[in-house]
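Enquirer: Numbering (the numbering used here), first residue to last: 774 to 1016.
Rendered as structure tokens:
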């Protein structure tokens, strides 16, 4: 799919990696809908940055785990842009807890955002994606989807489910809608990460360096533009999965 002139919706697009994905799509020529939950100031700043690139953008508040908010998000996209070509499910929550400390509320909270949300968005977006001949869905997982992280059990399960949801979407929505997934490694350390933690993340890769956001945005553009790839999970981790 040629990105120029398309419309993209990026959940969690106000900050960190979601913001980088949104800006990359704008630089490639797309108009962008920025979904955010609480980061209103950051969302508006991202919108202004996209406008400065010569593209149109709006910010729409909404909780992706609530069907009413999801429907509002899709409706607003249709009202403003009249179409949707690219859906990027990047909204995510990240909670650490050992297995025996994860209560029902924590389990429900993490799976609601990380797995239920992408399902609801993908389902609701289908009519608009098909309106102009088809589209692309990109889900954002991480390495916990492919290897068990015992300190993040609910997160790990939610991302593993997202990888499988990607395959289900690819089969169920073919041939006019493709679905793929990206599993990044360490490309944006947490804001409160210590130097020791950053060094440890770097040393857990075979390339012995951290990634950069553009490593993931290039993967995003590839999966959108290559129209013969669907149902795949592209790992962008500097070889961490090899260790």
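No residue lacks a Cβ here, since even glycine has one placed at the ideal position from N, Cα and C.
(1) Going along the chain, which unbroken runs of the beta strand (DSSP E) with 3 or more residues stay wholly within the region 951-1005?
(2) Pull up the CB-CB distance for residue 741 and residue 857, whole angstroms please, since I reckon it's below 8 Å.
(3) Taking the alpha carbon of residue 883 as the reference point, which residue from 943, 866 and 1013 has its own alpha carbon closest?
(4) Could you work out which residue in 1008, 957 and 934 is closest to residue 889 when comparing CA atoms only?
(5) Label residue 842 either buried or exposed according to how many other C-beta atoms from any shown protein chain fall within 10 Å of its C-beta, with 16 as the threshold for buried.
(6) For residue 981, count neighbouring Cβ atoms within 10 angstroms of its own Cβ and tell me buried if that reaches 16, exposed if not.
(7) Beta-carbon within less than 7 Å of residue 1006's beta-carbon, same chain only, minus the 5 sequence neighbours each way: which residues are those?
(8) Does the distance from the C-beta atom of residue 781 to that of residue 805 stay below 8 Å?
(9) Distance, Cα to Cα, residue 998 vs residue 876?
(10) How about residue 799 and residue 786: do their beta carbons lie closer than 8 Å?
(11) From residue 839 to residue 864, what does the alpha carbon distance come to, in whole angstroms?
(12) What would DSSP say about residue 802, mapped onto helix, strand or coil?
(13) Is the region 842-856 in contact with the region 896-911, if contact means three or more CB pairs nearer than 8 Å?
Expert: Walking through what the data contain:
(1) Fully contained in the region 951-1005 is no beta strand (DSSP E) run of length 3 or more.
(2) Past the boundaries of the shown model lies residue 741; the chain is included only from 774 to 1016, so the question cannot be answered.
(3) For residue 883, the closest C-alpha among the options 943, 866 and 1013 is that of 866.
(4) Looking from the CA of residue 889, the closest CA among 1008, 957 and 934 belongs to 934.
(5) Classified as buried, residue 842 has 16 or more neighbouring CB atoms from the shown chains inside 10 Å of its CB.
(6) So residue 981 counts as exposed.
(7) Taken in chain order, the residues that qualify are 914, 936, 939, 954 and 956.
(8) Note that the C-beta distance between residue 781 and residue 805 is below 8 Å.
(9) For the pair residue 998 and residue 876, the Cα-to-Cα distance works out to about 41 Å.
(10) No, the Cβ-Cβ distance between residue 799 and residue 786 is not below 8 Å.
(11) Roughly 13 Å between the two C-alpha positions.
(12) The answer is coil: DSSP assigns residue 802 none of H, G, I, E or B.
(13) The region 842-856 is in contact with the region 896-911.
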